[in-house]
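S.K.: For reference, each letter of the sequence shown is one residue, going -23 to -1, 1 to 127 in mature numbering (1 follows the signal peptide of the UniProt record, and there is no 0). Beta carbons: idealized from backbone N, C-alpha and C, even for Gly. Since the model is a prediction, treat every value here as computed from it, not as a measurement. What follows is a structure written as structure tokens; I'll ask about it next.
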Amino acid sequence: MRQMIKFLLFSLMVLLFLSGCNANNESQDIFQYKDSFVGDNSAVGNIVNQLQSGEHLVGFELKTKEKPYGIILNYDWPESENTHKETAIYNATFLFALVQNVDWITFNFDNQEYTITKEKLQESYGVELSEFKNEDELRKFTEEFLKKYK
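Next comes the structure, spelled out in structure tokens:
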């Protein structure tokens, strides 16, 4: 009986360890949230926490009562204006690529506020953001775009 209890405890520990490893791998793949909707609080929260400066995010609001739908992201991050602009463009790119029905995003950084619309950003890029299939492809595209405008 005693060996049976030890075996069960050991098995439980192995399962918990494997579950923990699996959960970490899933949270790193931001494209698992592709085709989410603004109203999916959990998906949007997981996306924004994995984006640049996610550690400075202090909260977000989803505007879903009437179209156009939007997201407001609030950061506690006293950095330079250029860093804020780049972060806003980078993060907006990912959110527009992953969240189907988001039309605008407002970024609040201490004393700076930026609102980016999907229409204007896609116009600047010259591509449909929902066409991107993986994080590496979108990240490289966005970084190249940002290099041109530094």
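Have a look at Val79, Ser107, Gln9 and Thr64 and flag the residue whose alpha-carbon is nearest the alpha-carbon of Lys42.
M.R.: Within the sequence shown, the letter at position 65 stands for residue 42. If we check each option's Cα against that of Lys42, Val79 comes out closest.
S.K.: Pull up the distance between the alpha-carbon of Tyr10 and that of Glu32, whole angstroms please.
M.R.: As a working note, residue 10 is residue 33 in the sequence shown. As a working note, residue 32 is residue 55 in the sequence shown. Each residue's alpha carbon lies about 19 Å from the other.
S.K.: Report the start-end ranges of each alpha helix (DSSP H) in the stretch 42 to 97 that is 4 residues or longer and not cut off at the edges.
M.R.: Qualifying alpha helix (DSSP H) stretches, in chain order: 58 to 75.
S.K.: How many whole angstroms separate the CB atoms of Asn51 and Val35, which I take to be in contact at a CB cut-off of 8 Å?
M.R.: In the sequence shown, counting from the first residue as 1, residue 51 sits at position 74. In the sequence shown, counting from the first residue as 1, residue 35 sits at position 58. Rounded, the Cβ-Cβ distance is 5 Å, consistent with contact.
S.K.: Once DSSP output is grouped into helix, strand and coil, what is the label at Phe14?
M.R.: Against the sequence shown, residue 14 aligns to sequence position 37. Note: Phe14 maps to coil in three-state DSSP.
S.K.: So, under 8 Å CB-CB, Ala69 and Ile49 are touching, yes? Tell me the CB distance rounded to an integer number of Å.
M.R.: The sequence position of residue 69 within the sequence shown is 92, counting from 1. The sequence position of residue 49 within the sequence shown is 72, counting from 1. Going by Cβ atoms, the distance from Ala69 to Ile49 rounds to 12 Å, so no, they are not a contact pair.
S.K.: Compute the Euclidean distance between the alpha carbons of Ser19 and Ile93, then round it to the nearest angstrom.
M.R.: Your numbering for residue 19 matches position 42 in the sequence shown. Your numbering for residue 93 matches position 116 in the sequence shown. Their backbone Cα atoms lie some 22 Å apart in a straight line.
S.K.: Could you pull out every residue in the same chain whose Cβ sits closer than 7 Å to the Cβ of Leu106, ignoring the five residues on either side in sequence?
M.R.: Within the sequence shown, the letter at position 129 stands for residue 106. If we look at Leu106 and ignore the five residues flanking it on each side, its Cβ neighbours are Thr70, Phe73, Ala74 and Gln99.
S.K.: Does Glu105 come out as helix, strand or coil in the three-state DSSP assignment?
M.R.: As a position in the sequence shown, residue 105 is number 128, starting the count at 1. Residue state, collapsed to three classes: coil.
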